[in-house]
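Residue numbers (our numbering), protein chains in the order written: chain A, 293 to 784; chain B, 293 to 784.
Report on the structure given below.
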């Protein structure tokens, strides 16, 4: 049974090579600049305002790639305070960037210029769980791991889990429609959210959390519009999440595969033999494995083989004997180089650490170009191979890993010599164009943030982007909410 | 194993008492009236136009409560034809009501006045299934049962199932965010829809189906806005649905309970003992049971007891032995009056027919006031008891049944003497107000249609409704799409 994992908190790791900040969009000239009088006014409306040097850590993103120049961080304790801050900023044309746990990877939660940071971390009350329905109601600032621990006490679990669980907030998860490792079992967070309270740019509180039951078809799905909009349409303050029952018995298998085709066959066999107890199917290639093993010298790969892929298959069920029998049948049915089942909880944790540790391992070693894409499984790994080939002459490390059960690849290119324009130019827009050509998504689960608005057109039609622009202007007519993010300037 | 059921098709049953049509909203004076020249023009743009007497059946809803006066039904065969019809109607200010299988229960898919009917039933191509991901792509007009049969051939299933499966279309399911009997297992259709193509009021085709993978976080969730908007924001033409793997082994238990508290305990025990194989928890009270037994003289209730509740518990799993063992444990753990497990597929079908036959059984017997609400399980059945008490002096039949696993109650009041204003006045708005007082939803899964716009405010705040109105005006500035539905006139 796995109740805790090793790496659950994003750390601001000491990086070998400091990254140059990204080139940023030009500041919108219609936005005002914060004056001392504004700070005084916001102090009167919000119970906590962080200023000066204390505001600095809120400006720099976890990836160490994006840095804003916000002078203040507003940390409201209530929805009313959020409303008061936004109403003021909207009136004064002051831009606002909402921030949760700041674990995003596309620069969505840090300012680009001098936007006011609105941190939701004090909206951290868990209001309660309806044990009949499994719906939990809580503030946007509740940390995912805290929420999950609370739910487990009552035999439920959060419908999502990800490496940053110890730091990220449920509000940030919703704002980015975060995916993670339970997606293959429980589907999208979007599907689990049954109620939302949010505040519009002008300070209007929109209460769509009056009913907190699983079924409610009264009118348009306003919460769904907010989910995944990355703080550009409103600020999420409260949510109602339908949570699955806890499946208390957990097993983890660790397999070595000789090809990505073998990885795909593992997935198909897992679906048919493990059926409803399948809870995660993750993969790492050799590059990812080497990086994570190097970063975790205390953990050994239990499989002594040079096979180029590892697959982590997790089951979660309500009957230990049945689950073990299904796992046995799965192991008999697959044809792989080698494999094992974690014999203890700590062995499970170690395997999960290897998988979830890849991202940190890459980032702490050099400058990393990170891509989060979904691709048709039949051609998913081709992108890693093509990237390796394309950069062969440049002495960089290419790694592919991710949620193979959801057709979600994380492609990382690590350069221990630091950022090089030459590498960047070979990767972008090429990676995104390759993905779009295969009808994949250029952002599977990490969102668009400030890194990808100019590539949105690769996945979305002109008509779809125009409509997004129209909706943005209805919800935020002065365009103060998280500017330079998600949508390209051309549709505004 | 249950592969087919008895009642899968809505029939226009001969009703004992014809119902008066509902009082309807006043016709919007800004809308044009269809002229002969318009019909000629639409004939040039759309390969099939139904006129005159042939259009009549499309005007009257399945409930026999609502009837429009559309002169024509446009039945486009392609998205381009849908676009051409809408562009013309938008330019001429002709209102349009989109119609799928016409099985809705709130008058959403029939015109209120003389709106042009746009029938999607010819958009019925299943484009294909990606067997790696389980995502199926198909036209909006594909009948749910047809889609499910196609998926089963490939070891997947549709993520939803409902009594009208043989008639309703997947486009209509999406437009109404249909719930049904698999919701407890697979969640909302909203969560399963990973891509959508739709046409805006002005004929613009919005293609959000370029990627058809489970994860895609590129921009705002336009498909989600369409889902559940009941044809008022656009016309859904194509969809990509992520489908669960088939769980081939099915069992059905049928239990008799002495109180609704016992029913609730069955649900809790089912969750803990059946865990991940639980696929439906449905209930019927005595009124519902009597009605369905009367309508199906060929089916006997296998439990010879007067206990006032029946609960149908279905499991679906991938291992017959494990599933049987879990079912055994479940049966041992519950404390109910009586119970049995269906020994054969036909016995299972018979039990499902009793459950799914309630709605038809009530409707064919007299005039039925139907309510579809969700309520906190602890007080869910109170509404049925209060209704019975309230109408005690009026000699009507009150029945409660539904998806107890989703806290979704169907409350039916059947009057064999036909419609009576006196009954109606005692039921509405009282039922809706009672539900709202308990923080339940006045429309759990059936939508708002033309029956409930004036009650929307009971569940949604003024701010939420105003925002819905703003979105409507952005998407459909001339308000031609399905007028008089979903939103109250006050927000437009």
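Glycine included, C-beta positions come from ideal geometry on N, C-alpha and C.
- Interface criterion not met: the Cβ of residue 656 (chain B) is under 8 angstroms from no Cβ in chain A.
- According to DSSP, residue pairing for residue 341 (chain A) in a beta bridge involves A:366.
- CA-CA distance, residue 400 (chain B) to residue 634 (chain A), rounds to 54 angstroms.
- In terms of CA proximity to residue 600 (chain A), A:577 leads the group A:577, A:593 and A:731.
- Under the 8 angstroms Cβ criterion, the segment 504-517 of chain A does not count as touching the segment 720-734 of chain A, having fewer than three qualifying pairs.
- Spatial neighbours of residue 606 (chain B) in its own chain (CB-CB distance under 6 angstroms, excluding positions within 5 residues in sequence) are listed in chain order as 544, 571 and 572.
- Residues of chain A with a Cβ closer than 7 angstroms to the Cβ of residue 471 (chain B) are, in chain order, 507.
- Your pair residue 737 (chain A) and residue 467 (chain A) does not check out as a contact, with CB atoms roughly 13 angstroms apart and the cut at 8 angstroms.
- Rounded to the nearest angstrom, the Cβ distance from residue 426 (chain A) to residue 539 (chain A) is 13 angstroms, too far for a contact under 8 angstroms.
- Under DSSP, residue 530 (chain A) forms a beta bridge with A:431 and A:489.
- Per DSSP, the unbroken beta strand (DSSP E) holding residue 418 (chain A) starts and ends at 418-422.
- Taking a C-beta cut-off of 9 angstroms against chain B, the contacting residues of the segment 749-776 of chain A are 750, 751, 752, 753, 755, 756, 757, 758, 759, 760, 762, 763, 764, 765, 766 and 767, listed in chain order.
- Listed in chain order, the beta strand (DSSP E) elements of length 3 or more contained wholly in the segment 426-474 of chain B are 427-431.
- Under DSSP, residue 659 (chain B) forms a beta bridge with B:707.
- Sequence-ordered contacts of the segment 630-658 of chain B with chain A are nonexistent [C-beta pairs closer than 9 angstroms].
- Across the set B:613, B:559, B:753 and B:532, the C-alpha of B:559 shows the shortest separation from the C-alpha of residue 477 (chain B).
- Within chain B, the residues whose beta carbon sits less than 8 angstroms from that of residue 740 (chain A) are 509, 510 and 511, listed in sequence order.
- Shown here, residue 546 (chain A) sits in a strand according to DSSP, grouped into three states.
- Sorting B:497, B:541, B:463 and B:549 by C-alpha distance to the C-alpha of residue 521 (chain B) places B:463 at the top.
- In the assembly as shown, residue 398 (chain B) is a buried residue. Its beta-carbon has 16 or more other beta-carbons within 10 Å.
- Distances from the CA of residue 541 (chain B) to each of A:530, A:552 and A:568 were compared; the closest alpha carbon is that of A:568.
- Taken in chain order, the unbroken stretches of beta strand (DSSP E) that lie wholly in the segment 593-622 of chain B and span 3 residues or more are 601-609.
- Between residue 654 (chain A) and residue 704 (chain A), the alpha-carbon positions lie close to 8 angstroms from each other.
- Under the Cβ criterion of 8 angstroms, residue 614 (chain B) is counted among the residues facing chain A.
- Annotation: the segment 503-530 of chain A contains the following complete segments of the alpha helix (DSSP H) (minimum length 4 residues), in chain order: 514-518.
- Linking residue 619 (chain A) to residue 710 (chain B) through their CA atoms gives a straight-line distance of about 59 angstroms.
- If you draw a straight line from the Cα of residue 776 (chain A) to the Cα of residue 404 (chain A), it is about 7 angstroms long.
- Taken atom to atom, the span from the alpha-carbon of residue 365 (chain B) to that of residue 331 (chain B) is near 10 angstroms.
- DSSP places residue 756 (chain B) in the uninterrupted alpha helix (DSSP H) bounded by 754-767.
- A direct Cα-Cα distance of roughly 22 angstroms separates residue 440 (chain B) from residue 694 (chain B).
- Assigned with DSSP and collapsed to three states, residue 628 (chain B) falls in coil, not helix or strand.
- With contacts defined as CB atoms closer than 8 angstroms, residue 529 (chain A) and residue 491 (chain A) qualify as a contacting pair.
- At least one CB atom of chain B sits nearer than 8 angstroms to the CB of residue 610 (chain A).
- By DSSP's assignment, residue 500 (chain B) forms a beta bridge with B:488.
- For residue 515 (chain B), the number of other beta carbons within 10 angstroms of its own is at least 16, and it is reported as buried.
- Scanning the segment 680-757 of chain A for uninterrupted alpha helix (DSSP H) segments of 4 residues or longer gives 713-719 and 722-729, listed from N- to C-terminal end.
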